[in-house]
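Below: one structure, written as structure tokens.
Protein chains in written order, with this note's numbering: chain A, -11 to 302; chain B, 9 to 284.
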């Protein structure tokens, strides 16, 4: 068998509950050795997609491969090399943290049980490992959940909303841990609705809305893919605005924080020409220009742009 | 598509062996560390035997003319009957916890994502639960046997064969109810509902059905009737919970086997198919 360069590949993956389509025709490719974000608003179908990948619920249509292996056909073999937290990690509250790990290690191979101590140490729970889980805070449970998947020494980690319930320090720790795991050659798929966290943590992402992937690529690609804005600082913003507004390359214009924000329409490849044209017209009109720079949308702006466009279309 | 260049994959390692015994140990651990369950199961197996024979010994000591010795064959029958009834209730509690415990806590999902066969996850609960329950039953049986011999007094003490038969019979009955509860709990996914259904069946429905003569041979299908048929004949009059239902030993065995197979089959099927 030729090993795949992608750890997750889906083709036309669809899940319906009755007549309601929750995941619709999803083609997803997650490159090996990256931190990959699966970003979407609540109810977009993120968890359902993860549940299908992990064999927790069957797909209605389409095909999936995990670590190059077709699932559900070779699910057991694939999941032996995957660690996952779906929604919030669950435990037996009356057992200690260590005992909870022993329970899951028993379902894995012999090596998993030998990694328990290291996994506990790595997530910083060594002092509380022998306390009952019902006494743990939400953040400690999240960390124990991560220890549980580290115990499997996974090639692929699938984390569904791992920052939920964490305080800022916990979020930062998780982010550092995720980057460390990627540095070890593992792949981390991070599902979240928290744009800021995804942007800070992942290398590439897919934006999902209403069950469909609406954009996919590296963060740079996604933020550059939308129509750019040119920030214009001039001695007379009112006059400059009136001069630029009729131009065909200008889609919208606004004065904000003492500068003009000129939204460009048309082809993205023609941005440089449009900026040069703006500069020429302002200079010819005798308006002194002291700032002229393209500004790309943040991930948040792109996300809202894409999802609101879909809402309007619906 | 992403501009990231994927890292070329190494050949996948050979799948590691996943032995069954650790799963059984894990199921035993879940039950053993549940203090409430351990206390309840102990109280419903060892507890009744201790209480019953203590009372019988005290009564006999206080008034030997009115109360016979605490031991002997008749009291073996009473003790065995008591253990069978109350021990079966303990078996239902343990079976329901073993069958629905992971589902109730959400840990079933965490086990499924390990890629372990769901059939194995179900199957390990049977030896795991029995390893928890049967030692308690063993102690209760040993106490019963000891008491009936030590406190036999002027009465004939039960033979070793009869003690062994009574012990095996009660252990089988308790194990049967454990498996029944395990299967039902795995099927419906609720510990509380399983306990409710099976206690109603054991304590109310079974005695009523056994006493309805018009059901005739249909009563052969009731597990308790089958168990009475399979028990030591000497103890029949003490362990019977209704009128005599005559059936062959083969039919009785077939009844028990059918109930067991249906419970295990349904529980396994649902465990394999349910959304986790």
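Glycine included, each C-beta is placed from N, C-alpha and C at the ideal position.
In the three-state DSSP reduction, residue 52 of chain B falls in the coil class, being neither helix nor strand.
By the C-beta density criterion, residue 185 of chain B is buried, having at least 16 other C-beta atoms within 10 angstroms. Spanning the alpha carbons of residue -7 of chain A and residue 60 of chain A requires a straight line of approximately 19 angstroms. Residue environment: residue 142 of chain A is assigned as buried (16 or more neighbouring CB atoms within 10 Å of its CB, all protein chains considered).
Within 7 angstroms of the CB of residue 80 of chain A, the CB atoms of chain B belong to 38, 113, 115, in sequence order along the chain. Of the candidates A:156, A:122, A:195, A:93, A:93 places its Cα closest to the Cα of residue 33 of chain B. Interface with chain A (8 angstroms Cβ-Cβ cutoff): residue 127 of chain B is excluded. When rounded, the separation of the alpha-carbon atoms in residue 149 of chain B and residue 88 of chain B is 8 angstroms. Looking at the DSSP output, residue 51 of chain A bridges to A:-1.
From the beta-carbon of residue 284 of chain B, the residues of chain A found nearer than 7 angstroms are 44. Put simply, the backbone Cα of residue 28 of chain B is about 18 angstroms away from that of residue 139 of chain A.
A Cβ of chain B is located within less than 8 angstroms of the beta carbon of residue 94 of chain A. Between the C-alpha atoms of residue 168 of chain A and residue 49 of chain A there is a straight-line separation of about 35 angstroms. At a C-beta separation below 8 angstroms, residue 294 of chain A has no neighbours in chain B, since its nearest C-beta there lies roughly 16 angstroms away. Scanning the stretch 198 to 280 of chain B for uninterrupted alpha helix (DSSP H) segments of 4 residues or longer gives 199 to 208, 214 to 219, 231 to 238, 244 to 247, listed from N- to C-terminal end. Not flagged as an interface residue toward chain A: residue 152 of chain B, since no C-beta distance is shorter than 8 angstroms. Taken in chain order, the unbroken stretches of alpha helix (DSSP H) that lie wholly in the stretch -2 to 75 of chain A and span 4 residues or more are 34 to 41, 63 to 67. Nearest neighbour of residue 201 of chain B by Cα position, chosen from B:68, B:100, B:142, turns out to be B:100. Collapsing the DSSP output to three states places residue 283 of chain A in a strand.
One finds nothing in chain A with a Cβ atom closer than 7 angstroms to the Cβ of residue 173 of chain B; even the nearest lies about 37 angstroms away. Among the residues of chain A, those whose CB is under 8 angstroms from the CB of residue 122 of chain B are 67, 68, 92, 95, 96, 140, following chain order.
For residue 203 of chain B against residue 218 of chain B, the beta-carbon gap comes to about 22 angstroms, at or over 8 angstroms, which does not count as contact. Listed along chain B, the residues sitting closer than 7 angstroms to residue 87 of chain A by beta-carbon distance are 37, 41. With contacts defined as CB atoms closer than 8 angstroms, residue 71 of chain A and residue 121 of chain A fail to qualify as a contacting pair.
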